[in-house]
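> I have a structure I would like to understand better, so I am pasting it below and will then ask my questions one at a time.
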């Protein structure tokens with residue numbers, strides 16, 4: 001596999017489509033600019049431009065494909081590309097964390113995959129990664145095998161195996177941890193708020209075509225409609241919601257169908273997708289922390305979503321910067337699965353809450369903020385605007401709820417923070433993964449002897465920040481002591497054991 | 001009582017530099033104020049525009065030249081121990097940061113023209129996910145600190 005290779009020619013089409021997608025909005029504008037009656041040849045100009053653009057995109061796609069070469073040499077994946085500026089990128093195998101596969105609609109009939117090379121990427125440069133847009137599955141597997149065996153060999157050399165112990169290459173063991181059922185998918189689509197997003201999207205879409213749709217006529221009919229009875233209107237509303245829900249379910253199926261989590265050797269492999277199959281690989285040792293996220297609808301039903309913060313990797317992954325490990329699952333079912341992946345984490349911890357004096361601080365700022373909205377709204381829309389007063393109870397409830405949720409725990413090697421924006425989040429972090437710990441204290445907080453604690457872990461190329469507001473100042477200091485290597489050393493040397501910081 | 005404050009202070013010359021920054025930004029405010037005054041005179045605006053511009057200038061000089069630099073300097077503490085770096089700063093919001101030495105990826109010192117004139121340098125400490133700065137240390141001290149931090153910082157492969 002050391003000879004230079006090109007990607008599959010379908011790459012040209014994929015590249016062209018990608019460029020076209022980016023140019024989608026300008027093209028739409030061009031089309032709409034030309035909506036009037038065509039009187040002269042000039043009115044067709046936008047279409048000519050468009051046609052020329054599409055041909056140009058295709059042409060660029062071909063050139064790009066022609067100039068893109070990849071090969072393996074001296075334990076490196078080497079990629080050469082570029083038309084005017086030749087770019088060469090050499091990625092040493094030991095820097096490669098994993099190869100992530102994606103099978104798009106165009107890939108599948110041809111048995112091709114897109115490969116994203118995930119690197120350790122300690123620097124923030126987006127240049128540190130590479131993508132092979134379309135290669136055959138055999139080539140991909142071959143590449144994967146070469147890289148992983150080279151990495152293993154490297155490790156073997158480093159650890160200097162005892163003589164006589166032969167390095168045996170075995171098929172990595174696959175172990176399915178979790179599979180999502182269609183029922184789970186439906187529940188997920190229903191509780192994700194996706195239906196709301198769809199309705200919003202439809203409304204925005206409709207508003208874009210304001211000129212096309214005769215709104216006045218529609219409104220006139222709508223008035224008749226309302227007169228015809230609220231029942232009918234109600235039925236229509238239900239129908240709209242039902243269709244929005246159907247679309248949300250459909251979208252969820254497209255993205256998350258066949259969602260499977262596997263443990264392969266020391267990697268977590270997540271596969272998902274209906275039309276476009278995606279495979280994400282996360283090496284276990286790159287996991288920086290685990291987050292449980294419960295939104296308002298899921299919380300009462302005991303459902304949660306589990307995401308992984310992972311270090312390094314590609315910025316190309318647009319979904320989010322955290323990887324969804326278990327998108328939708330009953331909280332009590334998570335622990336059995338997670339224990340198989342990360343046995344050294346403690347999932348059920350006792351949390352220390354924030355002191356009572358924090359409650360008014362949680363509520364105060366939300367009240368103030370709601371008053372900032374209520375004031376002007378009530379003033380300018382006088383009688384109706386008073387309805388905004390309803391924000392006050394909401395502010396109080398949310399503040400109280402956040403106060404109730406906030407909590408922390410620090411055991412020997414793990415810190416767990418629990419907090420709520422609107423959704424409840426629990427973040428599990430190992431001490432050795434926390435990059436820095438910080439407390440901040442405003443003047444008002446100093447009066448109440450409370451502080452806000454912030455922990456940062458690495459997440460891709462930047463940091464992921466978790467904080468709890470208004471913990472007791474002495475607790476903030478306790479956490480600092482827990483985190484401090486110096487304090488740890490002192491603790492060891494002290495004759496009498498210091499009480500465990502783990503919650504009372 | 002909790003953890004002790006970090007012991008070391010930043011250079012006293014930082015005060016001079018920050019005041020200088022204050023004067024420089026005041027000079028820009030003066031320019032803007034002069035602009036407003038001219039416009040007010042030409043277009044016959046209310047006299048309050050001129051008074052406002054003057055007040056803003058005075059307020060800025062008081063705050064950014066005299067009051068805030070002193071407060072900021074008083075609050076700034078740092079301490080580099082064998083296994084950790086601890087920082088504390090902030091006037092209205094006090095921030096205390098703890099960075100274990102093993103988390104440190106690299107250390108930089110940098111100085112602009114003004115800092116160089118006063119023989120000062122800023123130290124930037126980077127971890128894999130965060131950046132921490134100590135502004136305005138004496139250049140010799142900064143160099144020494146940079147060398148000792150980078151000697152103490154060892155990155156274990158597992159720990160990123």
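Protein chains in written order, with UniProt numbering: chain A, 1 to 504; chain B, 1 to 160. Think of the CB as a built atom: it goes at the ideal place given N, C-alpha and C, for glycine as much as any other residue. From a predicted model like this one, the values you see are computed outputs, not experimental measurements.
Using beta carbons (cut-off 7 Å, strictly below), is residue 113 of chain B in contact with chain A?
With 7 Å as the cut-off, residue 113 of chain B does not count as an interface residue toward chain A.
> Less than 6 Å between the CB of residue 415 of chain A and some heavy atom of the ligand COA, yes or no?
This structure simply doesn't include the ligand COA, nor any ligand for that matter.
> First and last residue of the beta strand (DSSP E) that includes residue 295 of chain A?
Taken as a continuous stretch (DSSP letters only), residue 295 of chain A belongs to no beta strand (DSSP E), as it is neither H nor E.
> Taking the runs of the alpha helix (DSSP H) that are 4 residues or longer, which of them lie wholly in the region 416 to 455 of chain A?
Runs found: 443 to 448.
> Using a Cβ-Cβ cut-off of 7 Å (strictly less than) and excluding sequence neighbours within five positions of residue 477 of chain A, which residues of its own chain qualify?
Taken in chain order, the list of residues that qualify is empty.
> Quick one: is residue 526 of chain A buried, meaning 16 or more other Cβ sit within 10 Å of its Cβ, or exposed?
The structure shown does not extend to residue 526 of chain A, since chain A spans only 1 to 504, so no value can be given for it.
> Give the DSSP bridge partners of residue 113 of chain A, in chain order.
Answer by DSSP bridge pairing, in chain order: A:135.
> Please give me, in chain order, every unbroken run of the beta strand (DSSP E) with length at least 3 that falls completely inside the UniProt domain "YdbS-like PH" (73 to 149) of chain B.
Listed in chain order, the complete beta strand (DSSP E) runs (minimum 3 residues) inside the UniProt domain "YdbS-like PH" (73 to 149) of chain B are 77 to 80, 84 to 89, 93 to 100, 104 to 110, 120 to 127 and 131 to 138.
> Which one of B:42, B:144, B:129 and B:35 has the shortest CA to CA distance from residue 459 of chain A?
Looking at the Cα atoms, B:129 is the closest of the given residues.
> Could you tell me the distance, in whole angstroms, from the CA atom of residue 246 of chain B to the CA atom of residue 328 of chain A?
Given a span of 1 to 160 for chain B in the structure shown, any question on residue 246 of chain B remains unanswerable.
> Using a Cβ cut-off of 7 Å (strictly closer), state whether residue 125 of chain A contacts chain B.
Legend: pLDDT at residue 125 of chain A = 47, less than 50; position of this residue unreliable, value from coordinates given subsequently. Cβ-Cβ to chain B under 7 Å: no for residue 125 of chain A.
> State the Cα-Cα distance for the pair residue 20 of chain A and residue 279 of chain A, rounded to the nearest angstrom.
Taking the straight line joining both Cα atoms gives about 25 Å.
> Which residues in the same chain as residue 120 of chain B place their Cβ atom closer than 8 Å to its Cβ, once the five residues preceding and following it in sequence are excluded?
Correct list, in chain order: 11, 13, 14, 17, 111, 136, 137, 138, 139 and 142.
> Give the straight-line distance between the Cα atoms of residue 105 of chain A and residue 271 of chain A, rounded to the nearest whole angstrom.
Cα to Cα, residue 105 of chain A sits roughly 16 Å from residue 271 of chain A.
> Considering only residues of the same chain and omitting the five flanking positions on each side of residue 370 of chain A, which have a CB-CB separation below 7 Å?
Within the same chain, residue 370 of chain A has close Cβ partners 391, 392 and 395.
> By the 7 Å beta-carbon criterion, what residues does the region 465 to 481 of chain A contribute toward chain B?
Answer in chain order: 473, 474, 477, 480 and 481.
> According to a CB-to-CB cut-off of less than 9 Å, which residues of the region 129 to 144 of chain B neighbour chain A?
Residues 129, 130 and 132.
> Using a Cβ-Cβ cutoff of less than 7 Å, which residues in the same chain neighbour residue 189 of chain A once the five nearest sequence positions on both sides are dropped?
Result list for residue 189 of chain A: 248, 249 and 252, in chain order.
> Taking CB distances under 7 Å as the criterion, tell me whether residue 63 of chain B reaches chain A.
Cβ-Cβ to chain A under 7 Å: no for residue 63 of chain B.
> Decide if residue 475 of chain A is buried, meaning its Cβ has at least 16 other Cβ atoms within 10 Å, or exposed.
Result: buried.
> State the Cα-Cα distance for the pair residue 72 of chain B and residue 4 of chain B, rounded to the nearest angstrom.
Taking the straight line from one Cα to the other gives about 19 Å.
> Of the residues A:333, A:376 and A:403, which one's Cα is nearest the Cα of residue 366 of chain A?
The option with the nearest alpha carbon to residue 366 of chain A is A:403.
> Under DSSP, the alpha helix (DSSP H) around residue 188 of chain A begins and ends at which residues?
Residue 188 of chain A -> alpha helix (DSSP H) spans 182 to 191.
> Flag residue 77 of chain B as yes if its beta-carbon sits less than 7 Å from any beta-carbon of chain A, otherwise no.
Not closer than 7 Å to any Cβ of chain A, the Cβ of residue 77 of chain B fails to qualify, so no.
> Nearest to residue 343 of chain A by alpha carbon, out of A:430, A:89, A:488 and A:181?
Of A:430, A:89, A:488 and A:181, the residue nearest in Cα terms is A:430.
> Which chain B residues sit within Cβ distance under 9 Å of residue 441 of chain A?
Going along chain B in sequence order, the residues near residue 441 of chain A (Cβ under 9 Å) are 90, 93, 94, 95 and 96.
> Roughly how many angstroms lie between the CA atoms of residue 360 of chain A and residue 448 of chain A, to the nearest whole one?
The alpha-carbon atoms of residue 360 of chain A and residue 448 of chain A are separated by roughly 10 Å.
> In whole angstroms, what is the alpha-carbon distance linking residue 185 of chain A and residue 76 of chain A?
Cα to Cα, the separation comes out at about 41 Å.
> Just the chain A side, please: which residues come within less than 9 Å of residue 83 of chain B by C-beta, in chain order?
484, 485, 486, 488 and 489, listed in chain order.
> Could you give the residue range of the beta strand (DSSP E) that holds residue 483 of chain A?
Where residue 483 of chain A is concerned, there is no enclosing beta strand (DSSP E), although the alpha helix (DSSP H) it sits in stretches over 473 to 483.
> Going by Cα to Cα distance, which pick from B:81, B:19 and B:126 is closest to residue 70 of chain B?
Among B:81, B:19 and B:126, the Cα nearest to that of residue 70 of chain B belongs to B:19.
> Rounded to whole angstroms, how far is the Cβ of residue 538 of chain A from the Cβ of residue 433 of chain A, which I believe are closer than 8 Å?
Residue 538 of chain A falls outside the range modelled here, since chain A spans only 1 to 504, and no answer is possible.
> Using a Cβ-Cβ cutoff of less than 6 Å, which residues in the same chain neighbour residue 163 of chain B once the five nearest sequence positions on both sides are dropped?
Within the shown structure, residues of chain B are numbered from 1 to 160, placing residue 163 of chain B beyond reach of any answer.
> Could you run through the region 13 to 26 of chain B and flag, in chain order, every residue whose CB is less than 9 Å away from some CB of chain A?
Under the 9 Å Cβ criterion, the region 13 to 26 of chain B contributes no residue.
> Spatial neighbours of residue 12 of chain A within its chain, please: CB distance less than 8 Å, with the 5 preceding and 5 following residues excluded, ordered by chain position.
Hits under 8 Å: 58, 61, 62, 64 and 65.
> Hey, is residue 80 of chain B's beta-carbon within less than 7 Å of any beta-carbon in chain A?
It does not; no Cβ of chain A falls within 7 Å.
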